[in-house]
(Lines of atoms letter the chains of each structure in order from A and count residues from 1; the text may use other names and numbers.)
(Lines give C-alpha, C1' and ligand atoms only; values in the text may rest on other atoms or scores of the structure.)
Protein backbone atom coordinates (compact mmCIF):
# COMPACT_ATOMS: atom_id res chain seq x y z
CA UNK A 1 0.00 0.00 0.00
CA UNK A 2 1.36 3.43 -0.92
CA UNK A 3 1.96 6.19 1.60
CA UNK A 4 -0.92 8.18 0.14
CA UNK A 5 -3.27 5.19 0.43
CA UNK A 6 -2.29 4.62 4.05
CA UNK A 7 -2.85 8.31 4.79
CA UNK A 8 -6.35 8.16 3.25
CA UNK A 9 -7.16 5.00 5.21
CA UNK A 10 -6.01 6.56 8.47
CA UNK A 11 -8.08 9.67 7.78
CA UNK A 12 -11.21 7.60 7.15
CA UNK A 13 -10.78 5.84 10.48
CA UNK A 14 -11.00 9.13 12.35
CA UNK A 15 -14.79 9.18 12.08
CA UNK A 16 -16.13 9.16 15.67
CA UNK A 17 -12.50 8.94 16.81
CA UNK A 18 -9.98 11.30 18.33
CA UNK A 19 -9.63 14.15 17.55
CA UNK A 20 -12.50 14.49 15.06
CA UNK A 21 -15.19 13.11 17.33
CA UNK A 22 -15.03 16.23 19.52
CA UNK A 23 -15.41 18.60 16.57
CA UNK A 24 -18.15 16.48 14.99
CA UNK A 25 -20.05 16.33 18.26
CA UNK A 26 -19.84 20.08 18.69
CA UNK A 27 -21.03 20.52 15.10
CA UNK A 28 -24.13 18.44 15.89
CA UNK A 29 -24.85 20.26 19.15
CA UNK A 30 -24.34 23.73 17.66
CA UNK A 31 -26.61 22.80 14.74
CA UNK A 32 -29.22 21.66 17.25
CA UNK A 33 -28.83 24.92 19.20
CA UNK A 34 -29.34 26.88 15.96
CA UNK A 35 -32.55 24.96 15.27
CA UNK A 36 -33.66 25.73 18.84
CA UNK A 37 -33.00 29.43 18.35
CA UNK A 38 -34.86 29.62 15.04
CA UNK A 39 -37.81 27.58 16.29
CA UNK A 40 -38.02 29.55 19.53
CA UNK A 41 -37.96 32.80 17.56
CA UNK A 42 -40.71 31.55 15.25
CA UNK A 43 -42.82 30.33 18.19
CA UNK A 44 -42.30 33.57 20.13
CA UNK A 45 -40.42 31.95 23.02
CA UNK A 46 -38.35 33.99 25.42
CA UNK A 47 -35.81 31.89 27.32
CA UNK A 48 -34.01 33.43 30.28
CA UNK A 49 -31.06 32.00 32.19
CA UNK A 50 -29.18 30.74 29.14
CA UNK A 51 -26.02 32.81 29.45
CA UNK A 52 -24.70 31.27 32.71
CA UNK A 53 -25.03 27.82 31.17
CA UNK A 54 -23.42 28.90 27.90
CA UNK A 55 -20.50 30.43 29.82
CA UNK A 56 -20.10 27.29 31.96
CA UNK A 57 -20.12 25.01 28.93
CA UNK A 58 -17.66 27.27 27.12
CA UNK A 59 -15.30 27.20 30.11
CA UNK A 60 -15.42 23.39 30.28
CA UNK A 61 -14.82 23.14 26.52
CA UNK A 62 -11.97 25.66 26.54
CA UNK A 63 -10.35 23.89 29.49
CA UNK A 64 -10.62 20.56 27.68
CA UNK A 65 -9.04 21.90 24.48
CA UNK A 66 -6.30 23.67 26.44
CA UNK A 67 -5.33 20.56 28.41
CA UNK A 68 -5.61 18.49 25.23
CA UNK A 69 -3.22 20.86 23.49
CA UNK A 70 -0.70 20.60 26.32
CA UNK A 71 -0.86 16.76 26.16
CA UNK A 72 -0.10 16.57 29.88
CA UNK A 73 -3.36 15.20 31.30
CA UNK A 74 -5.36 13.47 28.54
CA UNK A 75 -7.84 11.91 30.98
CA UNK A 76 -8.65 15.30 32.50
CA UNK A 77 -9.08 16.76 29.01
CA UNK A 78 -11.39 13.92 28.01
CA UNK A 79 -13.59 14.36 31.09
CA UNK A 80 -13.82 18.12 30.47
CA UNK A 81 -14.69 17.61 26.79
CA UNK A 82 -17.49 15.17 27.55
CA UNK A 83 -18.93 17.17 30.44
CA UNK A 84 -19.18 20.22 28.17
CA UNK A 85 -20.69 18.20 25.33
CA UNK A 86 -23.26 16.47 27.53
CA UNK A 87 -24.40 19.64 29.31
CA UNK A 88 -24.69 21.46 26.00
CA UNK A 89 -26.61 18.59 24.47
CA UNK A 90 -29.02 18.18 27.39
CA UNK A 91 -29.86 21.90 27.35
CA UNK A 92 -30.35 22.01 23.58
CA UNK A 93 -32.47 18.85 23.68
CA UNK A 94 -34.71 20.19 26.44
CA UNK A 95 -35.36 23.40 24.54
CA UNK A 96 -36.12 21.36 21.42
CA UNK A 97 -38.68 19.30 23.38
CA UNK A 98 -40.54 22.53 24.14
CA UNK A 99 -40.31 23.64 20.52
CA UNK A 100 -41.71 20.42 19.01
CA UNK A 101 -44.68 20.65 21.38
CA UNK A 102 -45.81 23.68 19.37
CA UNK A 103 -46.52 21.35 16.43
CA UNK A 104 -49.79 20.64 18.30
CA UNK A 105 -50.21 17.17 16.88
CA UNK A 106 -53.24 15.21 18.22
CA UNK A 107 -52.76 13.70 21.67
CA UNK A 108 -52.25 9.92 21.78
CA UNK A 109 -53.26 9.23 25.37
CA UNK A 110 -56.31 7.14 24.51
CA UNK A 111 -54.32 4.94 22.11
CA UNK A 112 -51.49 4.47 24.61
CA UNK A 113 -53.93 3.67 27.42
CA UNK A 114 -55.62 1.02 25.26
CA UNK A 115 -52.23 -0.46 24.35
CA UNK A 116 -51.30 -0.66 28.05
CA UNK A 117 -54.61 -2.38 28.80
CA UNK A 118 -53.98 -4.87 26.02
CA UNK A 119 -50.59 -5.62 27.60
CA UNK A 120 -52.24 -6.13 31.00
CA UNK A 121 -50.61 -3.09 32.59
CA UNK A 122 -52.74 -1.27 35.19
CA UNK A 123 -51.14 2.09 35.92
CA UNK A 124 -53.46 2.98 38.82
CA UNK A 125 -52.83 -0.34 40.58
CA UNK A 126 -49.08 0.12 40.16
CA UNK A 127 -49.25 3.67 41.48
CA UNK A 128 -51.20 2.51 44.53
CA UNK A 129 -48.56 -0.18 45.13
CA UNK A 130 -45.74 2.38 44.92
CA UNK A 131 -47.44 4.80 47.30
CA UNK A 132 -48.05 1.94 49.78
CA UNK A 133 -44.32 1.25 50.04
CA UNK A 134 -42.37 2.42 53.06
CA UNK A 135 -41.07 6.01 52.79
CA UNK A 136 -37.44 4.94 52.46
CA UNK A 137 -38.23 2.59 49.56
CA UNK A 138 -40.15 5.35 47.79
CA UNK A 139 -37.21 7.67 48.39
CA UNK A 140 -34.80 5.18 46.82
CA UNK A 141 -36.98 4.87 43.72
CA UNK A 142 -37.39 8.64 43.42
CA UNK A 143 -33.63 9.22 43.72
CA UNK A 144 -32.99 6.51 41.12
CA UNK A 145 -35.41 8.27 38.77
CA UNK A 146 -33.95 11.75 39.23
CA UNK A 147 -30.25 10.84 38.84
CA UNK A 148 -30.17 10.73 35.03
CA UNK A 149 -27.96 13.72 34.26
CA UNK A 150 -25.72 13.15 37.29
CA UNK A 151 -25.25 9.51 36.33
CA UNK A 152 -24.18 10.40 32.78
CA UNK A 153 -21.70 13.05 33.94
CA UNK A 154 -20.19 10.73 36.55
CA UNK A 155 -19.80 8.01 33.92
CA UNK A 156 -17.91 10.36 31.59
CA UNK A 157 -15.39 11.02 34.38
CA UNK A 158 -15.26 7.31 35.26
CA UNK A 159 -14.59 6.18 31.68
CA UNK A 160 -11.91 8.86 31.31
CA UNK A 161 -10.26 7.75 34.57
CA UNK A 162 -10.09 4.07 33.52
CA UNK A 163 -8.91 4.97 30.00
CA UNK A 164 -12.02 3.68 28.21
CA UNK A 165 -12.64 6.56 25.85
CA UNK A 166 -14.30 4.04 23.52
CA UNK A 167 -17.12 3.76 26.06
CA UNK A 168 -17.32 7.55 26.34
CA UNK A 169 -17.67 7.77 22.56
CA UNK A 170 -20.42 5.16 22.57
CA UNK A 171 -22.27 6.88 25.38
CA UNK A 172 -22.17 10.25 23.63
CA UNK A 173 -23.01 9.25 20.07
CA UNK A 174 -25.72 6.76 20.98
CA UNK A 175 -27.11 9.33 23.41
CA UNK A 176 -27.19 12.04 20.75
CA UNK A 177 -28.89 9.82 18.19
CA UNK A 178 -31.43 8.34 20.60
CA UNK A 179 -32.18 11.78 22.04
CA UNK A 180 -32.92 13.24 18.61
CA UNK A 181 -35.14 10.27 17.71
CA UNK A 182 -36.97 10.56 21.04
CA UNK A 183 -37.74 14.26 20.67
CA UNK A 184 -38.86 13.82 17.05
CA UNK A 185 -41.29 11.06 18.02
CA UNK A 186 -42.54 13.05 21.01
CA UNK A 187 -43.56 15.85 18.66
CA UNK A 188 -45.39 13.45 16.34
CA UNK A 189 -47.05 11.41 19.11
CA UNK A 190 -47.55 13.76 22.07
CA UNK A 191 -49.27 12.59 25.26
CA UNK A 192 -50.06 13.98 28.70
CA UNK A 193 -49.26 10.70 30.43
CA UNK A 194 -51.38 8.78 32.95
CA UNK A 195 -52.30 10.28 36.29
CA UNK A 196 -54.70 9.45 39.11
CA UNK A 197 -56.33 11.09 42.10
CA UNK A 198 -53.38 13.39 42.69
CA UNK A 199 -54.22 15.29 39.53
CA UNK A 200 -52.25 16.20 36.45
CA UNK A 201 -48.45 16.30 36.96
CA UNK A 202 -46.66 19.61 36.44
CA UNK A 203 -45.01 18.59 33.19
CA UNK A 204 -48.37 17.67 31.64
CA UNK A 205 -49.75 21.10 32.55
CA UNK A 206 -46.67 22.72 30.97
CA UNK A 207 -47.23 20.69 27.80
CA UNK A 208 -50.81 21.95 27.59
CA UNK A 209 -49.69 25.57 27.91
CA UNK A 210 -47.12 25.03 25.17
CA UNK A 211 -49.79 23.56 22.93
CA UNK A 212 -52.28 26.41 23.48
CA UNK A 213 -49.60 29.10 23.16
CA UNK A 214 -50.07 30.57 26.64
CA UNK A 215 -46.48 29.73 27.73
CA UNK A 216 -44.00 31.88 25.84
CA UNK A 217 -41.64 33.06 28.55
CA UNK A 218 -39.74 30.61 30.72
CA UNK A 219 -36.49 30.31 32.65
CA UNK A 220 -34.07 27.57 31.71
CA UNK A 221 -33.66 26.51 35.34
CA UNK A 222 -37.39 25.96 35.79
CA UNK A 223 -37.93 23.93 32.62
CA UNK A 224 -39.37 20.46 33.08
CA UNK A 225 -39.37 17.47 30.75
CA UNK A 226 -42.49 17.38 28.58
CA UNK A 227 -41.78 14.11 26.74
CA UNK A 228 -44.02 11.11 27.39
CA UNK A 229 -43.53 8.89 24.33
CA UNK A 230 -40.87 7.53 24.07
CA UNK A 231 -39.57 7.61 27.64
CA UNK A 232 -36.16 9.32 27.60
CA UNK A 233 -35.44 8.06 31.12
CA UNK A 234 -35.80 4.53 29.74
CA UNK A 235 -33.45 5.44 26.89
CA UNK A 236 -30.79 6.60 29.34
CA UNK A 237 -31.29 3.62 31.68
CA UNK A 238 -30.77 1.10 28.87
CA UNK A 239 -27.89 3.09 27.36
CA UNK A 240 -25.82 3.42 30.54
CA UNK A 241 -26.21 -0.29 31.30
CA UNK A 242 -25.09 -1.10 27.76
CA UNK A 243 -21.94 1.07 27.89
CA UNK A 244 -20.99 -0.49 31.26
CA UNK A 245 -21.23 -4.03 29.87
CA UNK A 246 -18.54 -6.56 30.86
CA UNK A 247 -15.64 -6.71 31.21
CA UNK A 248 -16.23 -3.48 33.17
CA UNK A 249 -16.80 -4.18 36.86
CA UNK A 250 -19.22 -1.25 37.00
CA UNK A 251 -21.84 -3.33 35.15
CA UNK A 252 -23.56 -4.87 38.19
CA UNK A 253 -24.00 -1.71 40.32
CA UNK A 254 -25.06 0.33 37.28
CA UNK A 255 -27.55 -2.39 36.26
CA UNK A 256 -29.06 -2.47 39.77
CA UNK A 257 -29.38 1.32 39.92
CA UNK A 258 -31.08 1.50 36.54
CA UNK A 259 -33.35 -1.45 37.27
CA UNK A 260 -34.66 0.66 40.16
CA UNK A 261 -35.06 3.55 37.75
CA UNK A 262 -37.08 1.40 35.36
CA UNK A 263 -39.43 0.41 38.21
CA UNK A 264 -39.91 4.07 39.11
CA UNK A 265 -40.34 5.46 35.58
CA UNK A 266 -44.08 4.76 35.01
CA UNK A 267 -45.08 6.34 38.31
CA UNK A 268 -42.45 9.01 39.10
CA UNK A 269 -42.52 10.11 35.46
CA UNK A 270 -46.21 9.42 34.76
CA UNK A 271 -45.43 7.20 31.78
CA UNK A 272 -47.40 4.54 29.97
CA UNK A 273 -45.80 1.13 29.64
CA UNK A 274 -45.67 1.64 25.87
CA UNK A 275 -43.55 4.76 26.49
CA UNK A 276 -40.92 2.52 28.08
CA UNK A 277 -41.16 -0.12 25.36
CA UNK A 278 -40.64 2.61 22.76
CA UNK A 279 -37.66 3.90 24.76
CA UNK A 280 -36.03 0.47 24.68
CA UNK A 281 -36.65 0.27 20.93
CA UNK A 282 -35.15 3.73 20.31
CA UNK A 283 -32.00 2.84 22.26
CA UNK A 284 -31.63 -0.52 20.52
CA UNK A 285 -31.93 1.04 17.06
CA UNK A 286 -29.47 3.80 18.00
CA UNK A 287 -26.93 1.26 19.30
CA UNK A 288 -27.16 -0.74 16.09
CA UNK A 289 -26.75 2.35 13.89
CA UNK A 290 -23.70 3.65 15.78
CA UNK A 291 -22.07 0.21 15.91
CA UNK A 292 -22.64 -0.29 12.19
CA UNK A 293 -21.20 3.14 11.38
CA UNK A 294 -18.07 2.52 13.45
CA UNK A 295 -17.57 -0.96 12.00
CA UNK A 296 -17.77 0.31 8.43
CA UNK A 297 -15.35 3.14 9.15
CA UNK A 298 -12.91 0.77 10.82
CA UNK A 299 -12.92 -1.44 7.70
CA UNK A 300 -12.43 1.50 5.33
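Residue numbers (our numbering): 1087 to 1386. Just so you know, even glycine gets a beta-carbon here, dropped at the ideal spot from N, CA and C.
query: Excluding sequence positions up to five away, which residues of its chain have a Cβ less than 8 Å from the Cβ of residue 1403?
result: Absent from the structure is residue 1403, since the part of the chain shown begins at 1087 and ends at 1386.
message: I'd like the span of the beta strand (DSSP E) that includes residue 1133, first residue to last.
response: Locating residue 1133 in the chain shown gives position 47, where the first residue counts as 1. Boundaries of the beta strand (DSSP E) harbouring residue 1133: 1132 to 1134, taken from the DSSP string.
message: Which complete alpha helix (DSSP H) runs does the region 1198 to 1269 hold, if anything under 4 residues is left out?
response: Whole alpha helix (DSSP H) segments, 4+ residues: 1209 to 1217, 1221 to 1231, 1234 to 1247.
field: Alpha carbon of residue 1263 to alpha carbon of residue 1315, nearest angstrom
entry: Here residue 1263 corresponds to residue number 177 of the chain shown, with the count starting at 1. Here residue 1315 corresponds to residue number 229 of the chain shown, with the count starting at 1. Roughly 16 Å between the two C-alpha positions.
message: Considering just the uninterrupted stretch of the beta strand (DSSP E) at residue 1318, what are its terminal residues?
response: Working through the chain shown from its first residue, we reach residue 1318 at position 232. It is not in any beta strand (DSSP E) - residue 1318 instead sits in the alpha helix (DSSP H) that spans 1318 to 1329.
message: Looking at the secondary structure, which residues open and close the beta strand (DSSP E) in which residue 1305 lies?
response: For this step, residue 1305 is matched to residue 219 along the chain shown. DSSP places residue 1305 inside the beta strand (DSSP E), whose first and last residues are 1303 to 1305.
field: Selected residue, minimal CA-CA separation from residue 1235, among 1204, 1177, 1145
entry: Within the chain shown, residue 1235 is the residue found at index 149, counting from 1. In terms of Cα proximity to residue 1235, the closest of 1204, 1177, 1145 is 1177.
field: With 16 other Cβ atoms within 10 Å as the buried cut-off, status of residue 1248
entry: Stepping through the chain shown from its first residue, residue 1248 is reached at position 162. Exposed: under 16 other Cβ atoms inside 10 Å.
query: Which residue comes first and which comes last in the alpha helix (DSSP H) that contains residue 1179?
result: Sequence index remark: in the chain shown, residue 1179 carries index 93 (1-based). Segment 1160 to 1187, the alpha helix (DSSP H) holding residue 1179.
message: Please report the straight-line C-alpha distance between residue 1261 and residue 1119, rounded to a whole angstrom.
response: Within the chain shown, the letter at position 175 stands for residue 1261. Within the chain shown, the letter at position 33 stands for residue 1119. Distance between the alpha carbons of residue 1261 and residue 1119: 16 Å.
- prompt: Does DSSP put residue 1352 in a helix, in a strand, or in coil?
  reply: One-based indexing of the chain shown puts residue 1352 at position 266. If DSSP states are grouped into helix, strand and coil, residue 1352 belongs with the helices.
- prompt: Along the chain, where does the alpha helix (DSSP H) that runs through residue 1289 open and close?
  reply: Within the chain shown, the letter at position 203 stands for residue 1289. Where residue 1289 is concerned, the enclosing alpha helix (DSSP H) stretches over 1288 to 1298.
- prompt: Got a sec? Which residues, its chain only, sit under 8 Å from residue 1324 by beta carbon, not counting five neighbours each side?
  reply: By 1-based counting over the chain shown, the position of residue 1324 is 238. Answer for residue 1324: 1344, 1365, 1366, 1369, 1370, listed in chain order.
query: Given a threshold of 16 other Cβ atoms within 10 Å of its Cβ, counted over all protein chains shown, does residue 1220 qualify as buried or as exposed?
result: Here the question's residue 1220 lines up with position 134 in the chain shown. When all chains shown are included, residue 1220 counts as exposed.
Three-state secondary structure assigned by DSSP to residue 1274: Translated into the one-based positions of the chain shown, residue 1274 becomes position 188. Three-state DSSP puts residue 1274 in a helix.
message: Please report the distance separating the alpha-carbon of residue 1172 from that of residue 1376.
response: For this step, residue 1172 is matched to residue 86 along the chain shown. For this step, residue 1376 is matched to residue 290 along the chain shown. Annotation: residue 1172 to residue 1376 spans about 17 Å, alpha carbon to alpha carbon.
message: Taking only three categories from DSSP, how would you classify residue 1313?
response: Along the chain shown, one-based indexing puts residue 1313 at 227. In the structure shown, residue 1313 sits in coil (DSSP, three-state: anything other than H, G, I, E or B).
message: If I measure Cβ to Cβ from residue 1328 and keep anything under 7 Å in the same chain, skipping five residues before and after, which residues do I get?
response: Walking along the chain shown from the start, residue 1328 turns up at place 242. If we look at residue 1328 and ignore the five residues flanking it on each side, its Cβ neighbours are 1373.
query: Okay, do the region 1215 to 1233 and the region 1347 to 1358 touch, 3+ Cβ pairs below 8 Å being the bar?
result: Contact check between the region 1215 to 1233 and the region 1347 to 1358: three or more CB pairs, one atom from each, fall below 8 Å, which counts as touching.
query: With a Cβ-Cβ cutoff of 8 Å, do residue 1269 and residue 1321 count as a contact?
result: The residue labelled residue 1269 in the question sits at position 183 within the chain shown. The residue labelled residue 1321 in the question sits at position 235 within the chain shown. The answer is no: Cβ separation not under 8 Å.
query: Candidates 1308, 1304, 1265: which alpha carbon is nearest residue 1317's?
result: The residue you call residue 1317 lines up with position 231 of the chain shown. With distances taken between Cα atoms, residue 1317 lies closest to 1265.
query: Where does residue 1193 fall in DSSP's three states?
result: In the chain shown, counting from the first residue as 1, residue 1193 sits at position 107. In the structure shown, residue 1193 adopts coil according to DSSP, grouped into three states.
field: Cβ pair count under 8 Å reaching 3, the region 1237 to 1257 against the region 1163 to 1172
entry: Short answer: they touch.
query: With DSSP run on the structure shown, which of helix, strand or coil describes residue 1285?
result: The count along the chain shown starts at 1 and reaches residue 1285 at position 199. Correct three-state label for residue 1285: coil.
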